[in-house]
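Student:
Number of protein chains: 2
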Amino acid sequence: MYDLLKGLRVVEGSAFVAAPTCGLYLAQFGAEVIRFDNIGGGPDFRRWPLADNGSSLYWEGLNKGKKSIAIDLTRPAGREVAQRLAAAPGDDAGLFVTNFPVDGFLSYEVLKALRPDLVCVRVMGWADGSQGMDYTINSALGLPLMTGPADDPRPVNHVLAAWDLLTGAYCAFGLVSALLARTRTGQGREIRAPLSDIGAATMANLGFTAETLMTGRQRQRMGNDIFGAFGRDFATRDGRTLMLLAITPKQWSKALEALGLTSEVAALEAELGVTFATDEGLRFTHRARLYPLFERAFAQRTAAELAPAFDAGGVTWGAYQPLEAALEDPRLYKDNPVFEDVSHPSGLNYPAPGAMATIPQDRRGQVKPAPRLGQHTDEVLAEVLGMSAAEIGRLHDAGLVAGGDGR
Amino acid sequence: MYDLLKGLRVVEGSAFVAAPTCGLYLAQFGAEVIRFDNIGGGPDFRRWPLADNGSSLYWEGLNKGKKSIAIDLTRPAGREVAQRLAAAPGDDAGLFVTNFPVDGFLSYEVLKALRPDLVCVRVMGWADGSQGMDYTINSALGLPLMTGPADDPRPVNHVLAAWDLLTGAYCAFGLVSALLARTRTGQGREIRAPLSDIGAATMANLGFTAETLMTGRQRQRMGNDIFGAFGRDFATRDGRTLMLLAITPKQWSKALEALGLTSEVAALEAELGVTFATDEGLRFTHRARLYPLFERAFAQRTAAELAPAFDAGGVTWGAYQPLEAALEDPRLYKDNPVFEDVSHPSGLNYPAPGAMATIPQDRRGQVKPAPRLGQHTDEVLAEVLGMSAAEIGRLHDAGLVAGGDGR
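Order-wise, the sequence lines are chains A and B.
According to the working numbering, the residues represented by the first sequence are 11 to 417, in order.
According to the working numbering, the residues represented by the second sequence are 11 to 417, in order.
#1: Express the C-alpha separation of Ala277 of chain A and Lys260 of chain A in angstroms, rounding to a whole number.
#2: Between the alpha carbons of Leu153 of chain B and Asp101 of chain B, how many angstroms are there, rounded?
#3: Which ranges does the alpha helix (DSSP H) cover as unbroken runs of at least 4 residues, wholly within the segment 81-143 of chain A, from first to last along the chain?
#4: Short check: CB of Ala203 of chain B to CB of Val133 of chain B, under 7 Å?
#5: Can you give me the Cβ contacts of Asp127 of chain A inside the same chain, cut-off strictly under 8 Å, excluding the 5 residues immediately before and after it?
#6: Locate the alpha helix (DSSP H) running through Val390 of chain A, then write down its first and last residues.
#7: Below 6 Å CB to CB, which residues in the same chain sit around Lys264 of chain B once its five sequence neighbours on both sides are set aside?
#8: Leaving out five residues on either side along the sequence, give the residues of the same chain with a beta carbon under 6 Å from the beta carbon of Ala87 of chain A.
#9: Report the residues of the segment 238-254 of chain B with a CB closer than 7 Å to any CB of chain A, ordered along the chain.
#10: Give the residues of chain A in contact with Arg56 of chain B, contact being defined as C-beta atoms less than 8 Å apart.
#11: Could you tell me the boundaries of the beta strand (DSSP E) in which Phe286 of chain B lies?
#12: Restricting to runs no shorter than 4 residues, where is the alpha helix (DSSP H) found entirely within the segment 228-270 of chain B?
#13: Identify the contact partners of Gln331 of chain A in chain B, using a Cβ-Cβ distance below 9 Å as the criterion.
#14: What is the DSSP secondary structure of Val21 of chain B, counted as helix, strand or coil?
#15: For Pro355 of chain A, would you say it is in contact with chain E, using Cβ-to-Cβ distances shorter than 7 Å as the test?
#16: Look at the Cβ atom of Trp58 of chain A, then the Cβ atom of Gly291 of chain B, and state whether they are nearer than 7 Å.
#17: Thinking C-beta only, is Asp248 of chain A closer than 7 Å to Asn234 of chain A?
#18: Please confirm whether Ile81 of chain A and Ala92 of chain A have their CB atoms less than 7 Å apart.
#19: Would you tell me roughly how many angstroms separate the C-alpha atoms of Gly220 of chain A and Thr157 of chain A, rounded to the nearest one?
#20: Taking the straight line between their C-alpha atoms, what separation do you get for Tyr162 of chain B and His168 of chain A?
#21: Need the endpoints of the alpha helix (DSSP H) that Val186 of chain B sits in, please.
#22: So, do the segment 48-63 of chain A and the segment 209-225 of chain B have three or more beta carbon pairs nearer to each other than 8 Å?
#23: Given this structure, state the Cα-to-Cα distance separating Glu279 of chain A from Arg293 of chain A, to the nearest angstrom.
#24: Figure out for me which residue from B:Ala317, B:Val20, B:Leu170, B:Thr177 has the closest Cα to the Cα of Pro99 of chain B.
#25: Under a Cβ-count criterion, where at least 16 other Cβ atoms within 10 Å of its own Cβ denotes burial, should Asp138 of chain A be classed as buried or exposed?
#26: Tell me, to the nearest whole angstrom, how far the beta carbon of Phe39 of chain A is from that of Leu67 of chain A; I am working on the premise that it is less than 8 Å.
#27: Looking at Met11 of chain A: is its Cβ nearer than 7 Å to the Cβ of Thr146 of chain B?
#28: Residues of chain B with CB closer than 8 Å to the CB of Arg202 of chain A, please, in chain order.
#29: Please look up how many angstroms separate the CB atoms of Phe183 of chain B and Ala210 of chain A, rounded, as I've assumed it's under 8 Å.
#30: Would you check if the distance between the CB atom of Leu303 of chain B and the CB atom of Glu274 of chain B is smaller than 7 Å?
#31: Hey, does Ser117 of chain B have any beta-carbon neighbour from chain A nearer than 7 Å?
#32: Name the chain B residues whose beta carbon is nearer than 9 Å to that of Leu14 of chain A?
#33: In this structure, does DSSP put Gly33 of chain B in helix, strand or coil?
#34: State the start and end residues of the unbroken alpha helix (DSSP H) segment that holds Tyr301 of chain A.
#35: Which residues in chain B sit within 9 Å of Tyr301 of chain A, going by Cβ to Cβ distance?
#36: Among B:Thr272, B:Ala380, B:Leu333, B:Trp327, which one has its Cα closest to the Cα of Arg227 of chain A?
Rendered as structure tokens:
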């Protein structure tokens, strides 16, 4: 945790990945992030993977460092509490992150009546408000038909919900940008971030759509070949698989040196009348001629021989490894200062990350676990809404809120 | 383009995807973003896909709305110009986005000497400074071994550079957060965002690492099955493939209704002694029993029958389609107000997106094309560094800068 956003009070009414990661990033930069959920948990409270006691490891990963208040969101009086929280008073409050529907009880119009300068960031599925989630929108963008081995026509979904993740980070950017604008002009805003627009725009930002408009069809499926440059997975003598990448001239020359291919490739260049060094596109065009040279060079060496040679030679490469091996990798997990041992609400102790970026000038504060559901109910009602103990008691008695013990 | 960040002056010294998308998002929210490149272009200036005239559609997609200055970055006097730009004066300047090495001529220490309150956001490969790009770090995180059909053990890389994209948006968030902190405390910062940490942390945020620590091994490969819920691709009678997803109780009941499976699934529930409606995990556990029912229901209907029934019933679904079909899809491209016809530096005209989010209260400004390389060289030297025409002339004469015509 860092202190960049210390003093900000953000309220999150969310579920799944995009909106919760937005809140997570804000919390890890020092904002106070208060997530409200229905009593008993929202639709993501029991999402897999689960610990043996039924706690969601997914939920506790995405809500680290937040406060939790549990409210009966099915009744008007509970909804009113949520509305008042979203529009919380204070110069550095009135900041709301949500994926609740555009038109419901947490619409911008409703909340704006409570706080005219509200900043609201809203994750949506389709821009028209219809149901869409990462995987159903991704299928419509063509990527699953471009993914996977070229000899297999079946669509391949990504496992990592990339659109959700991009949307979450973009929403955090949107929220702070809108706050910055509000501090200068006094004006609040709703920022709507539909997965469908973020997907469609990104495919355009990366050149996919221009290419398809030019050629009339989407990029062909090509397995792990890196489009327009040189890169692919290769098998070593001992049956390991390594990813090799060469986009820049330096990456290319270093790969050739480390694999002892400099003269063989020069001979191929002479035969073809091309120079691969300064034109990554030519490496792609002639990859069918280049691959056999690389396949042979990898097949003659073990991964244990290649790894130090690649590192010493400054080659851009990576070993394919399962996550259990990554967890033993000192650069990723084992000795990574981003991670810290934490006691989680599941009762399990395991390393968890703080802010994903590192600020060398600042001290990394402690990594905080996710709250238990409703853990901060009374504290939030008192501090944010200024309720008295008697008022809070009445909400409990009416079953409109619940504390960390579920009551 | 929106005006949220109007008045900010950001300098970008970048290449590839992560840092340029950071600058793109800032520009589309109204910041002035000045990208400097080596004369003749950086390592990404000719990245595929290319237009017929050799222009990069990728480069012009990622640099929309920015200004461009071309500098000879190989010589000390050119490097000094880049350093002075990164540390540009002004309350809303001194904001630098880069993927240049931590220790080079654009290190934070060097730039801090020019401007003590500099905000610098730095994209890195590995956190230790060694070479790493999206695809070589992704291979080390286990995802390619979890991706693709369960009956094929070959690793499958993602086609979308998800780590680059997440890093770019997270850096935009980091930059505005650090600016907010600077406006309050006067303190500048370097924010380092290594792809390796962003990947490692995200796998933890989503519960992948906790799951692997608990079970001893990473999640098994399962094709397009959605882990822990119900979702997969299904084939229709006319050979189309549709993605169906049901995480929430509502998504599940609506899918059953639209496919006419309510009573068959009730019979299966009775047989197994479970209730699928309120526990998506049970749907996953018993998916081998559920799939045949769904496969049959899809195989009895055409896509043209299912699409309106799914939409009318509020089902969460998507059709697998190639990008050329997506371009005709009114919700994604055809009638999407995020897109506008633009004349690009390649000489081509095609629709390009502005900001990925929509602010209903604000007017969407025009989508601006990418600059020609060096198009704003003289303007930037005069306005940002306050150089006289004579000084600028001397830089041109010495070949230290170049304009839009390459001179």
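The C-beta atom is built at its ideal place from N, Cα and C for all residues, glycine as well.
No experiment lies behind these values; they were computed from the predicted model shown.
Tutor: By the coordinates alone:
#1: Within the first sequence, residue 260 of chain A is the residue found at index 250, counting from 1. Within the first sequence, residue 277 of chain A is the residue found at index 267, counting from 1. About 19 Å.
#2: Numbered from its first residue, the second sequence carries residue 153 of chain B at position 143. Numbered from its first residue, the second sequence carries residue 101 of chain B at position 91. Their Cα atoms are separated by approximately 43 Å.
#3: List check, alpha helix (DSSP H) in window: 86-96, 118-124.
#4: One-based indexing of the second sequence puts residue 203 of chain B at position 193. One-based indexing of the second sequence puts residue 133 of chain B at position 123. Yes, these two residues count as a Cβ contact at 7 Å.
#5: If you number the first sequence from 1, residue 127 of chain A lands on position 117. Contacts found: Gly104, Arg192, Gly196, Gln197, Gly198.
#6: Position 380 of the first sequence holds residue 390 of chain A. Looking at the DSSP string, the run of the alpha helix (DSSP H) that includes Val390 of chain A is 387-393.
#7: Here residue 264 of chain B corresponds to residue number 254 of the second sequence, with the count starting at 1. These residues qualify, in order along the chain: Gly323, Gly324, Val325.
#8: Along the first sequence, read from residue 1 onward, the residue named residue 87 of chain A stands at position 77. Correct list, in chain order: Leu410.
#9: Gly238, Gly241, Asp243, Thr251, Met253
#10: Stepping through the second sequence from its first residue, residue 56 of chain B is reached at position 46. Within chain A, the residues whose beta carbon sits less than 8 Å from that of Arg56 of chain B are Asp289, Glu290, Gly291, listed in sequence order.
#11: Locating residue 286 of chain B in the second sequence gives position 276, counting from the first residue. Here Phe286 of chain B belongs to no beta strand (DSSP E), and DSSP marks it neither H nor E.
#12: 259-269
#13: Position 321 of the first sequence, counting from 1, holds the residue named residue 331 of chain A. The answer, in chain order, is Ser149, Ala150, Leu151, Gly152, Leu155.
#14: Along the second sequence, one-based indexing puts residue 21 of chain B at 11. Three-state result, Val21 of chain B: strand.
#15: No chain E appears in the structure shown, which is made up of the protein chains A and B.
#16: For the purposes of this step, residue 58 of chain A is identified with residue 48 of the first sequence, where counting begins at 1. For the purposes of this step, residue 291 of chain B is identified with residue 281 of the second sequence, where counting begins at 1. Yes, the pair counts as a contact, with Cβ atoms nearer than the cut-off.
#17: Counting from one through the first sequence, the residue named residue 234 of chain A turns up at place 224. Counting from one through the first sequence, the residue named residue 248 of chain A turns up at place 238. Not a contact, by the Cβ cut-off of 7 Å.
#18: Here residue 81 of chain A refers to the residue found at position 71 when the first sequence is read from its first residue. Here residue 92 of chain A refers to the residue found at position 82 when the first sequence is read from its first residue. Contact: yes.
#19: Sequence index remark: in the first sequence, residue 220 of chain A carries index 210 (1-based). Sequence index remark: in the first sequence, residue 157 of chain A carries index 147 (1-based). Reading the sequence as shown, one finds Ala at residue 220 of chain A and not Gly. Roughly 19 Å separates the two Cα atoms.
#20: Looking up residue 162 of chain B in the second sequence gives position 152. Looking up residue 168 of chain A in the first sequence gives position 158. Reading off the sequence, residue 162 of chain B comes out as Asp, not Tyr. The alpha-carbon atoms of Asp162 of chain B and His168 of chain A are separated by roughly 15 Å.
#21: Start at 1 with the first residue of the second sequence, and residue 186 of chain B comes out as number 176. That run of the alpha helix (DSSP H) goes 172-195.
#22: yes
#23: Counting from 1 along the first sequence, the entry for residue 279 of chain A is found at position 269. Counting from 1 along the first sequence, the entry for residue 293 of chain A is found at position 283. The alpha-carbon separation between Glu279 of chain A and Arg293 of chain A amounts to approximately 10 Å.
#24: To locate residue 99 of chain B, count along the second sequence from 1; it is residue 89. Of the listed residues, the one whose Cα sits closest to Pro99 of chain B is B:Val20.
#25: Counting from 1 along the first sequence, the entry for residue 138 of chain A is found at position 128. Residue environment for Asp138 of chain A: exposed (fewer than 16 other C-beta atoms within 10 angstroms of its C-beta).
#26: Position 29 of the first sequence, counting from 1, holds the residue named residue 39 of chain A. Position 57 of the first sequence, counting from 1, holds the residue named residue 67 of chain A. Rounded, the Cβ-Cβ distance is 23 Å, inconsistent with contact.
#27: The residue given as residue 11 of chain A occupies position 1 in the first sequence. The residue given as residue 146 of chain B occupies position 136 in the second sequence. Not closer than 7 Å, so no.
#28: Indexing the first sequence from 1 puts residue 202 of chain A at position 192. Those are Ala367, Thr368, Ile369, Pro370, listed as they occur along chain B.
#29: As a position in the second sequence, residue 183 of chain B is number 173, starting the count at 1. As a position in the first sequence, residue 210 of chain A is number 200, starting the count at 1. With a Cβ gap of about 21 Å, Phe183 of chain B and Ala210 of chain A do not count as contacting.
#30: Within the second sequence, the letter at position 293 stands for residue 303 of chain B. Within the second sequence, the letter at position 264 stands for residue 274 of chain B. Going by C-beta atoms, Leu303 of chain B is nearer than 7 Å to Glu274 of chain B.
#31: Position 107 of the second sequence, counting from 1, holds the residue named residue 117 of chain B. Answer no: the Cβ-Cβ gap between Ser117 of chain B and chain A never drops below 7 Å.
#32: Residue mapping note: residue 14 of chain A aligns to position 4 of the first sequence, counting from 1. Correct list: Gly184, Ser187, Ala188, Leu190, Ala191, Arg199, Ile201.
#33: As a working mapping, residue 33 of chain B is identified with position 23 in the second sequence. If DSSP states are grouped into helix, strand and coil, Gly33 of chain B belongs with the helices.
#34: Sequence index remark: in the first sequence, residue 301 of chain A carries index 291 (1-based). Here the alpha helix (DSSP H) through Tyr301 of chain A covers 297-309.
#35: In the first sequence, residue 301 of chain A corresponds to position 291, counting from 1. Result: empty, since nearest Cβ-Cβ is about 15 Å, beyond 9 Å.
#36: For the purposes of this step, residue 227 of chain A is taken as the residue at position 217 of the first sequence. Cα-wise, what sits closest to Arg227 of chain A is B:Leu333.
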